[in-house]
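Taking it in order: structure first as structure tokens, then the write-up.
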Amino acid sequence: MRIIKNRTFNKLSKPLRILSILRGRWDEQRSPSLQALADLGHQVVYVDKILDLDGYYKLVRKIDFDIILFWGSSLQNFLNSFPGKFFLEEINLPYISMWTDNTIKHMHLLKELNTPLHLGMFVPDTRVIEQLNSLGWYNVFYLPPWHIDPSIFKPQKPNPKINREISFAATFNPYLVERIKWRAGWDEKMNNVGDSIVKLSRETNGYVDVFDFLDDEWDVYSKEFGGISHAMYFEQKSISREQLINQLGDLETEITGIGSAQSNRSNVKMGKGLEWWNLSPLFCSSIINLNLTPWPRSCHHRIFQISASGAFVLSDWKDDAVKLYEPDREAVYFKQMSEIPDLIKYYLEANEERLKIARAGRKRFLSEHTVNHRMSELSEKLYELL
């Protein structure tokens, strides 16, 4: 157990006692949000070790917390690890969940948590919120990516060793690897649905939302729906990366990330992955940073990381994203993948315009989108909910 220190010495008239529980792989990447809450003046405790269920019971009974904060991935892990009634429901403690993953994928785990104690689900996609509302979940609030720390993602001097014209920081696994992994144990009906979604994704060169595609054909709370959602997320990520490479033609590009995919194109290099906290040097050493978003409308956290670094981003058009970064002024978007080659060629030459957009993107990030901004919004909402 670790108490997060208040570095600013800010004081609140009624600080909240907040507990966050480690259960997920990416907790460290989310941790700046806990620091921001502490710096606001809240009393924040972080359980940085995985305990057994009895250990969690003892902890929450020992200290009088106002609210328990779960990352979505941590809540998912917790529910998988400890089946049955959720322990916070048993002891009547309020909690919230904060999502960087599509919540709809996990409804088979969450189906018993649509309760008054689950005060809020904070989701970064307005379409997913509409979908949850249609299922009777009304404790859902829009919060765009909330963990991007400007002390981690910041401008760097370009590194001559990694200078490149076009860069894409992304996990990239071969399609068949993802298909085999995520479809294990599927029956014919599930495979037919998956194949239909993949077919449409390939035909449209775009993301197909599983919830909207199935349209009440499947029980969203079933394990089968969750399995389809997970598989389509990863299969479509692989497909979209293949499609991107195909659109690039002979443009020199380097993909930096974990994954086992290889390319037979001489102009596409597969670089080694970097730690999440060490991406700014890559962004700042790349003339154009590409991004793809596996959400219906959301602004991917990669756009925030790139803009925080003062670098230029070319991303797919998403309705939420264009409200957070103005098109052609703070970020550049494509509506169809076929637009990518011409946009790349244009912005490789338009140095002054490209740098102006990158500077404006960073200015927008610093004025509205830092982890401190998001946690200030969250803090106000918590007071309302409590």
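Residues -17 to 368 in this note's numbering are what the sequence shown spells out, letter by letter.
Glycine is no exception: its CB is placed at the ideal position from the N, C-alpha and C atoms.
- In the three-state scheme derived from DSSP, where H, G and I count as helix and E and B as strand, Q17 is classed as helix.
- Within a 10 Å sphere around the beta-carbon of F(-9) sit fewer than 16 other beta-carbons, which makes this residue exposed.
- Using a Cβ distance threshold of 8 angstroms, P278 and D107 count as a contacting pair.
- When secondary structure is reduced to three states using DSSP, Y77 falls in the strand class.
- Remark: C-beta atoms of G292 and C266 approach each other more closely than 8 angstroms.
- The criterion of a C-beta distance shorter than 8 angstroms is not satisfied by N84 and V42.
- Distance between H88 and Q58, taken at the CA atoms: about 7 angstroms.
- Between the region 65 to 75 and the region 151 to 167 there are fewer than three inter-stretch CB-CB distances shorter than 8 angstroms, so the stretches are not counted as touching.
- In this model, I3 and N260 are separated by some 25 angstroms (Cα to Cα).
- A distance below 6 angstroms between beta-carbons, with the five flanking residues on each side excluded, links M357 to the following residues of its chain, in chain order: S15, A18, L19.
- Taking 8 angstroms as the cut-off, the beta carbon of I221 is found closer than this to the beta carbon of V180.
- Taken atom to atom, the span from the alpha-carbon of S149 to that of S262 is near 12 angstroms.
- If you check the CB distance, F154 and R223 come in under 8 angstroms.
- DSSP lists I237, L272 as the bridge partner or partners of F150.
- Along the length of the region 268 to 319, whole beta strand (DSSP E) runs at least 3 residues long occupy 268 to 273, 295 to 298, 314 to 316, reported in chain order.
- A residue is called buried once 16 or more other Cβ atoms fall within 10 Å of its Cβ, and T97, having fewer, is exposed.
- In the DSSP annotation of this structure, the continuous segment of the alpha helix (DSSP H) that includes Q225 starts and ends at 205 to 230.
- Taking T352 as reference, the option from M172, P126, I227 with the minimal CA-CA separation is P126.
- Annotated as proximal: S183 and Q218, with beta-carbon spacing under 8 angstroms.
- Assignment of beta-bridge partners to W119 by DSSP yields no partner.
- DSSP places S2 in the strand class (E or B) of the three-state scheme.
- The residue among D46, V314, K363 with its C-alpha nearest the C-alpha of R341 is V314.
- A straight-line Cα-Cα distance of about 28 angstroms links L95 and G176.
- Relative to R346, the option among I45, E199, V304, N115 whose CA is nearest is V304.
- The beta carbon of N173 sits closer than 8 angstroms to the beta carbons of R165 from its chain, once the five residues preceding and following it are set aside; these are given in chain order.
- The continuous beta strand (DSSP E) containing V29 extends over residues 25 to 29.
- By alpha-carbon distance to D191, the top candidate from L330, I134, Y215 is Y215.
- Straight-line spacing of the CA atoms in D131 and S297 works out to 21 angstroms.
- Per DSSP, the unbroken alpha helix (DSSP H) holding K363 starts and ends at 353 to 367.
- In this structure, the CA atom of L330 is about 36 angstroms from the CA atom of S13.
- As for any alpha helix (DSSP H) of minimum length 4 sitting wholly inside the region 245 to 271, the runs are 262 to 266, ordered along the chain.
- Setting aside the 5 residues that flank it on each side, P(-3) is surrounded in the same chain by G23, H24, Q25, each with a C-beta closer than 8 angstroms to its C-beta; the list follows chain order.
- The shortest CA-to-CA distance from G167 to any of E206, L158, V159 is the one to E206.
- A check of alpha carbon separations from G231 across P323, P276, E350 identifies P323 as the nearest.
- Within the same chain, Cβ atoms closer than 7 angstroms to the Cβ of G239 are found at A151, A152, T153, F154, G255, the five residues on either side in sequence being excluded.
- For V105, the enclosing beta strand (DSSP E) covers residues 100 to 105.
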